[in-house]
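Below: the structure, in structure tokens.
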Amino acid sequence: MSQHRGIWRRQVHLFTLPYRLLLASPCVGFLPDFWSRVLTLSWDSHTHQYITERAILNVTLETLSGLKKHHGNHDKEEIRLSRGFWRAVGEVVKSNAATDFRSSTRSDPVYHFDSEHIESATVMLRRFWTHTVLSVRAKEYQSARHSLGQLFHSLQDFYSHSNWVEMGQSSIYLHLLQPEEPAVPVAKEDTPTCMECFSTTCRNNLLPRLKTTQENSQLLTTGYFSTFPPKPQGKCSHGGILDSSRYLGAKGGINKDSTSPLFSPHHADSPYRRINNIHHQL
Ligand SMILES: [Zn+2]
């Protein structure tokens, strides 16, 4: 656990660089923003906007307190963040939410970790990260915020669209941004991942192998959404009323995007809570 925390810190500090520089300058996945929460009447769902704002705020406050201590300032005065900071955060949030609306990204499974596109989505995540760092170094902050927003979107989707938490995981998947960390194999196109169900909710419809906590036999999977790409027999769907593939075998979905029974009817409360704990660590 303490080793995990150490690795965590490293990952947090990787993120710190663009945040510090942000300060210097003025699909369906999680519901994108506040308004979608209002429209779907799911007040307690966490949106991409909420998760992103909280992650940036946490890292910023941690960095600023560290800097204060480093300079020998132990006053307990409140840290105030400028309007420029919140404007910059707003740009990251906007770019994140736009992934669900832009015609070039909204139906592409790679941007949302859908349809077993885990490996190509991971490659894309790392590209976003490289682009963000290079843009910061070149002082192209707007471009950095844009790619950081896209990176956050896909990263957040990974945890709610895959079986990561059902395998008992309660912290982040380091391999996504750190290639040297161990990778979990991905289910092949012809590997069944969900079982047939005959109830309306189809909860716990992942096959036992996809829920095992034994490290050597774990297998990652993500749900298929709608008709592109077509869902092979025996695969899981994303689920919810917007997903037309939910009626195809294996019936039901695995998304943990929201607490709304309309959009995420197939999962129990505990995986959703575990995802929220993971997002606290982002
Ligand atoms: Zn998405």
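Going by the numbering used here, the sequence shown opens with residue -12, and the numbers climb by one from there.
A virtual CB, placed ideally from N, CA and C, is assigned to each residue, including glycine.
Please go through the same chain and pick out, in chain order, the residues whose beta-carbon is closer than 7 Å to the beta-carbon of residue i, but skip the five residues on each side of it.
i	result
Gly210	Asp101, His148, Cys223, Ser224, His225, Gly226, Gly240, Ile241, Asn242
His299	For residue 299 there is no data in the structure shown, the boundaries of the chain being -12 and 269.
Thr92	Thr86, Tyr98
What's the C-alpha gap between residue i and residue j?
i	j	result
Thr208	His104	9 Å
Leu9	His35	Its pLDDT being 41, under 50, Leu9 is placed unreliably by the model, and the measurement read from it follows with that caveat. The straight-line gap from Cα to Cα measures roughly 19 Å.
Leu229	Ile265	26 Å
Leu249	Ala174	27 Å
Ser251	His57	45 Å
Pro179	Ala75	43 Å
Leu48	Phe115	24 Å
Leu51	Ser186	51 Å
Pro172	Asp144	18 Å
Arg196	Glu167	25 Å
Val80	Glu64	28 Å
Tyr128	Lys198	41 Å
Val153	Glu202	For the sequence presented, residue 153 should be read as Glu rather than Val. Their backbone Cα atoms lie some 13 Å apart in a straight line.
Gln(-2)	Val46	Unreliable positioning characterises Gln(-2) in this predicted model, as indicated by a pLDDT of 39, which lies under 50. The coordinate reading is nonetheless provided below. So the two alpha carbons sit approximately 11 Å from each other.
Apart from the five residues on each side of it in sequence, which residues of its chain come closer than 8 Å, Cβ to Cβ, to residue i?
i	result
Met111	Val97, Tyr98, Ser141
Ser107	Val97
Asp177	Pro219
Thr214	Ser231, Ser232
How should residue i be labelled, buried or exposed, when 16 other C-beta atoms within 10 angstroms of its C-beta is the threshold for buried?
i	result
Phe88	exposed
Gly136	buried
His162	exposed
Arg124	exposed
Tyr160	buried
Suppose the cutoff is 6 Å on Cβ atoms and the five residues either side in sequence are ignored; what does the same chain contact list for residue i look like?
i	result
Ala131	Pro5, Thr119, Ser122, Val123
Ser134	Phe115, His118, Thr119
Unbroken stretches of the beta strand (DSSP E), 3 residues or longer, contained in the segment 103 to 143: Counting only runs of 3 or more, we get nothing.
Whole alpha helix (DSSP H) elements within the segment 177 to 205, 4-residue minimum: Taken in chain order, no unbroken stretch of alpha helix (DSSP H) lies wholly in the segment 177 to 205 with a span of 4 residues or more.
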